[in-house]
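All remarks here apply to the structure that follows.
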Amino acid sequence: TATVSEVKVWDVSKTVKDTFRVLFTVKQDLTKGKDKKSVTSTYTINVMQNDNGDMVVTKNPTVAAEPATARIKLPDTQSDNTVASSTADDVTKFLKTFFALYPKSDRNELKYYVKNGTRPIERNLKFVELLDPVFKKTKNSLTVTLSVKYLDTDNDMSQVSQYTLTLSKQSNNWFITDGI
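Add 6 to a position in the sequence shown, counting from 1, and you land on the number used in the working numbering.
Listed below in structure tokens is the structure:
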């Protein structure tokens, strides 16, 4: 038996009017008797879409090469020790409070955390934790690069969002000035 365990769509490109080429990878878990193995295969198909938005596959899956992984240089992800541990603790506390409130807050509430306010996201997300915050001091502010883990209560899935935030302190209160 074969069970599809994962599908990745790598590229969708228009080839001619109303026809698209789709490059995708399928991972299958194969079971033959007591033997089990996973096989990953990459294919292209052509999909045609009519004026009503209906779609039909016009070319059988054709074996293709899997796209190569891009070679990139990631930015430095370590704190540069320009931020005192007491400041990092203070900012972490502020960010935990903000990200716990952010999914359900309205514009007026967000003005207390984000300079000039921001649009609410209005989602059923439960804050779980901050992941790997990196603190760097700049001229008159602080930059924090971090991930925020939420639980989406609508579908019980974990969601990790990445942020690079600029914060400043005014009257003993932290504010997010950029990045939201």
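Glycine residues also receive a C-beta, built at the ideal position from the N, C-alpha and C atoms.
- Looking at the DSSP output, residue 180 sits in a beta bridge with 175.
- By the criterion of a C-beta distance shorter than 7 Å, residue 173 is surrounded in its chain by 97, 147, 148, 150, 180, 181, 182 and 183, once the five residues flanking it on both sides are discounted.
- Here the stretch 119-128 does not lie against the stretch 152-161, with fewer than 3 beta-carbon pairs under 8 Å apart.
- Taking 8 Å as the cut-off, the beta carbon of residue 72 is found closer than this to the beta carbon of residue 48.
- Runs of alpha helix (DSSP H) with 4 or more residues, each lying fully within the stretch 85-130, are found at 91-107 and 113-116, listed in chain order.
- Judged by DSSP in its simplified three-state form, residue 35 adopts strand.
- Shortest Cα-Cα distance from residue 41 to any of 8, 137, 121 and 90 involves 8.
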